[in-house]
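Chemist:
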Amino acid sequence: GKVFSFVVGESSSDDFEEIKSRWSMLETEIRKMGYRPDTSSVQHDISEEEKIEQLRGHSEKLAITYGLIKTSEGTTLRVYKNLRICVDCHNATKLISKVMKREIVVRDNKRFHHFKNGFCSCGDYW
């Protein structure tokens, strides 16, 4: 497969507008399944809406969304992070794996998270 890199808040990619649009559609779908942004990991003294906007720019969300755009149905997505996955991205990825019927593997700085059908191999303990 191919390797692509994403950085938190990155917006310079040629595909960024498509990624943003697709994430918006994904977010709508997972909200129907109960997703609510968890801003507890956003440590800035800003409004709740600004915190939610920052969560939308997390690199794993960008990478997963890009992977969904660029790969065929059923392809396992693999994301490697240099930091721990935040609770919001963990919750969102569980739901994305279910709604998109994809296995998603996220390797953060502590462990591998295997997301499949709305569950993570870590049992939500990491």
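Residue 83 in the UniProt record's numbering sits at position 83 of the sequence shown, with consecutive numbering throughout.
Glycine included, C-beta positions come from ideal geometry on N, C-alpha and C.
Given the structure is predicted, the values throughout are model-derived calculations rather than measurements.
1) So, is Lys110 buried or exposed, given that buried needs 16 or more other C-beta atoms within 10 angstroms?
2) To the nearest angstrom, how far is it from the Cα of Phe4 to the Cα of Glu73?
3) Assuming Tyr80 contacts Arg107 (C-beta within less than 8 angstroms), just tell me the rounded distance between them.
4) Ignoring anything shorter than 3 residues, give me the beta strand (DSSP E) runs that lie fully in the UniProt domain "DYW" (34–126), in order along the chain.
5) List the endpoints of the continuous alpha helix (DSSP H) containing residue 135.
6) Tell whether a beta-carbon distance below 8 angstroms holds between Met25 and Val99.
7) Less than 8 angstroms between the C-beta atoms of Glu60 and Ile85, yes or no?
8) Using a Cβ-Cβ cut-off of 7 angstroms (strictly less than) and excluding sequence neighbours within five positions of Asp38, which residues of its own chain qualify?
9) Name the residue from Tyr35, Cys120, Leu62 whose alpha carbon lies nearest to the alpha carbon of Lys20.
10) Express the C-alpha separation of Lys94 and Phe119 in angstroms, rounding to a whole number.
11) Checking 8 angstroms against the spacing of the C-beta atoms, do Glu18 and Ile69 come in under that value?
12) Within the same chain, show all residues whose beta-carbon is closer than 7 angstroms to that of Ser40, passing over the 5 residues directly before and after it, in chain order.
13) Report the rounded CA-to-CA distance for Ile46 versus Glu27, giving the unit in angstroms.
Modeler: To lay it out plainly:
1) In the sequence shown, the residue the question calls residue 110 occupies position 110. It counts as exposed.
2) On the sequence shown, position 4 is the one that residue 4 refers to. On the sequence shown, position 73 is the one that residue 73 refers to. Phe4 and Glu73: Cα-Cα distance of roughly 19 angstroms.
3) To locate residue 80, count along the sequence shown from 1; it is residue 80. To locate residue 107, count along the sequence shown from 1; it is residue 107. Yes, they are in contact, since the Cβ atoms of Tyr80 and Arg107 sit about 5 angstroms apart, within 8 angstroms.
4) 77–80, 104–107, 112–116
5) Because residue 135 is not part of the residues shown, which for the chain are 1 to 126, the question remains open.
6) On the sequence shown, position 25 is the one that residue 25 refers to. On the sequence shown, position 99 is the one that residue 99 refers to. Cβ distance not < 8 angstroms, so Met25 and Val99 don't count as in contact.
7) Here residue 60 corresponds to residue number 60 of the sequence shown, with the count starting at 1. Here residue 85 corresponds to residue number 85 of the sequence shown, with the count starting at 1. Contact flag set, yes.
8) Against the sequence shown, residue 38 aligns to sequence position 38. Correct list, in chain order: Val87, Asp88, Asn91.
9) Numbered from 1 along the sequence shown, position 20 holds the residue referred to as residue 20. Minimum Cα distance to Lys20 is reached at Leu62.
10) For the purposes of this step, residue 119 is taken as the residue at position 119 of the sequence shown. For the purposes of this step, residue 94 is taken as the residue at position 94 of the sequence shown. Distance between the alpha carbons of Phe119 and Lys94 is about 5 angstroms.
11) Counting from 1 along the sequence shown, the entry for residue 18 is found at position 18. Counting from 1 along the sequence shown, the entry for residue 69 is found at position 69. Contact flag set, yes.
12) To locate residue 40, count along the sequence shown from 1; it is residue 40. Once the five neighbours on either side are set aside, the close Cβ partners of Ser40 are Val87.
13) Reading the sequence shown from its first residue, position 46 is the one you call residue 46. Reading the sequence shown from its first residue, position 27 is the one you call residue 27. The straight-line gap from Cα to Cα measures roughly 22 angstroms.
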